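Asks: According to this note's numbering, the sequence shown is numbered sequentially starting from 32. A virtual CB, placed ideally from N, CA and C, is assigned to each residue, including glycine. Because the structure is a prediction, the values reported are computed rather than measured.
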Amino acid sequence: MQGDVKMQLEIRRGGPSVRSAQECAVHQRIVRHMTGSGHCAPLGSGVNPGRDLITRASMQAKEHASLRAVPRDVWEQMLPGEPECWDYYVAVEATPPPGFVLGALAVMEGERVLAAAPLFRVSYRIDTPLQGTLRKIGQWVFEHAPRLVSLPIVGLGSPVSDNLTIAFDPALTQEERRAVFAVMLAKLEEIAAAEKCMLMAVKSIDELADSLAPTFAARHYAKVTSVPLVMLDLPYKTYDEYLMSLPAKVRGYMKRKARANARVRMEYRTSIDGLEREIYALYQATLANSSVDYGDFEQLSPEYFSRVLAMLGDRAQLALSWNGDQLVGFQLSLVDSARIVTKHIGMKYPEARELNLYFLNWLKMIEFAIERRIPLVEMGATTYATKLLFGGRLSRRWLYFRFRGDLTNWLLRPLIPLFDFERNDPELKALAKDKAAVPAT
């Protein structure tokens, strides 16, 4: 399909409660084309007959070099109170991670924005989910024949977010969302064809995947798990009440950790003027000490931290950890009244282990959230066993992808498990033995 993707969606307003055979046939063709389902629902099912949302309208998908093309107030109305907000995505566009090109994709009805999402391009290492020995093999192949394991990819989502942020017009029904999303995927596939990208992806989608499943299926996208996130619910009035909610052994363990590190001083900032190099070095040190390696999707621009803090103001919080006059750690979080999203942690080694800095960081974050009556902290991915000690729960994320060309998809289908992050993460495989720790969805 060439040029902008255009599709027609006609919704009848009012009328009798049962469609004629001709109406049903037309409706079936539309729904099959846009969502993959050919069932004829009763009039009014999923659509309010008292209004016209998309009546005889042309939905047009457009690619933009920046999310700035979508007005800030429109985005915020579609996703009110989202910590990873319009300002955050615009901030990181100016300082993308190495190797990435960032942009946005929007679906329009005339001047009306029906949906929008961040867009990324990168040369993707298909061995990214692999760890340990398999990753070493992948690295050897990359060094000798890079094109075998590195493919150009275009995807919905962002390398600096573990959540797929799609802003939908809140007036859309579920059926209409699927139709709009089908237009978005069609445009993604058009871009991939024009640029000869081998792979198309939709990254880190949460329970929204369930409602969009028919659209993914109709366009033959494969589904694997991405890295899950740890969510910590905090329905507590005081920090002491939170501690009492933990098992006795865990509670005692946490208290000992906190007492042992009384010499660590915590400072909250919204600026890192003069500390830019130190902050970035701490982040790189933490990546080097991690037990897993997710390649390009873990890297950041050296200007990332200062750019995000400058753009978001008090909606971004930087917690600095000092041992005397020495900066030994930091934690960057995005803060909203309903949720805190912890973005990045950096620590100095071996001091971090000696000071139990990782535990102290989280205890201070939990105390911060409870004092401000913020009921949810998104603790992020990796180091799952430790985060679960704090009372967290795993929240599953999904990766949908397909190769360009039906034959390629069919030939590579037996290799799909290699793309599954949960199956290849050693810590998650260990946790899977504990049924209570495995994500329910």
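1. Looking at Val261 and Leu425, is the spacing between their C-beta atoms short of 8 Å?
2. Rounding to the nearest angstrom, what Cα-Cα distance links Met302 and Val123 in this structure?
3. Below 7 Å CB to CB, which residues in the same chain sit around Leu394 once its five sequence neighbours on both sides are set aside?
4. Below 8 Å between beta carbons: does that hold for Leu4 and Leu239?
5. Let me know if Ala202 comes out buried or exposed under the rule of 16 or more other beta-carbons within 10 Å of its beta-carbon.
6. Which of the three DSSP states, helix, strand or coil, is assigned to Phe131?
7. Between the region 385 to 405 and the region 424 to 442, can you find at least three pairs of beta-carbon atoms closer than 8 Å?
8. Hey, would you say Leu145 sits closer than 8 Å to Met90, going by beta carbons?
9. Would you identify the three-state DSSP class for Gly422, choosing helix, strand or coil?
10. Of all the options Phe432, Asn387, Ile405 and Pro445, which has the alpha carbon lying nearest to the alpha carbon of Thr417?
11. Using the Cα positions of Ser321 and Ala293, report the straight-line distance between them to the nearest angstrom.
12. Decide if Pro102 is buried, meaning its Cβ has at least 16 other Cβ atoms within 10 Å, or exposed.
13. What does the alpha-carbon distance come out to for the pair Gly360 and Tyr335?
14. State the start and end residues of the unbroken alpha helix (DSSP H) segment that holds Gln330.
15. With a threshold of 16 other CB atoms inside 10 Å of the CB of Met275, please say whether the residue is buried or exposed.
16. Do you know whose CA, among Gly355, Tyr299 and Asp264, lies nearest Gly344's CA?
17. Taking 7 Å as the cut-off, is the C-beta of Ser189 nearer than that to any heavy atom in the ligand MN?
18. With Thr196 as the anchor, note down where its beta strand (DSSP E) starts and where it stops.
19. Just verifying my parser: in three-state terms, what is the DSSP assignment at Ile184?
20. Determine the direct distance from the alpha carbon of Tyr389 to that of Pro129, and round the result to whole angstroms.
21. What do you get for Gly283, buried or exposed, if any count of 16 or more other CB atoms within 10 angstroms of its CB means buried?
22. Could you spell out the range, first to last residue, of the beta strand (DSSP E) harbouring Thr373?
23. How about Glu453 and Thr256: are their beta carbons less than 8 Å apart?
24. Name the DSSP bridge partner or partners of Pro149?
25. What did DSSP end up calling Asn455 once you bin it into helix, strand or coil?
26. In the structure shown, what three-state DSSP assignment does His175 receive?
27. Counting pairs of beta carbons, one from the region 309 to 324 and one from the region 367 to 377, are three or more of them closer than 8 Å?
Replies: The answer reads as follows:
1. yes
2. With the sequence shown as reference, residue 302 is identified as Ser, and Met is not the correct amino acid for it. Between Ser302 and Val123, the C-alpha separation is close to 16 Å.
3. The residues are Met285 and Ala289.
4. The structure shown does not extend to residue 4, since the chain is modelled only from 32 through 472, so no value can be given for it.
5. Answer is exposed; the Cβ neighbour count stays below 16.
6. coil
7. With the cut-off at 8 Å, the region 424 to 442 and the region 385 to 405 do not touch.
8. Remark: C-beta atoms of Leu145 and Met90 approach each other more closely than 8 Å.
9. coil
10. Asn387
11. 26 Å
12. exposed
13. 17 Å
14. Where Gln330 is concerned, there is no enclosing alpha helix (DSSP H), given that its DSSP letter is neither H nor E.
15. exposed
16. In terms of Cα proximity to Gly344, the closest of Gly355, Tyr299 and Asp264 is Tyr299.
17. In terms of ligand content, the structure shown is empty, and the ligand MN therefore cannot be addressed.
18. Taken as a continuous stretch (DSSP letters only), Thr196 belongs to no beta strand (DSSP E), as it is neither H nor E.
19. strand
20. Rounded to whole angstroms, Pro129 to Tyr389 spans 27 Å at the Cα level.
21. A residue is called buried once 16 or more other Cβ atoms fall within 10 Å of its Cβ, and Gly283, having fewer, is exposed.
22. Ile371 to Met378
23. yes
24. Ala135
25. helix
26. helix
27. yes
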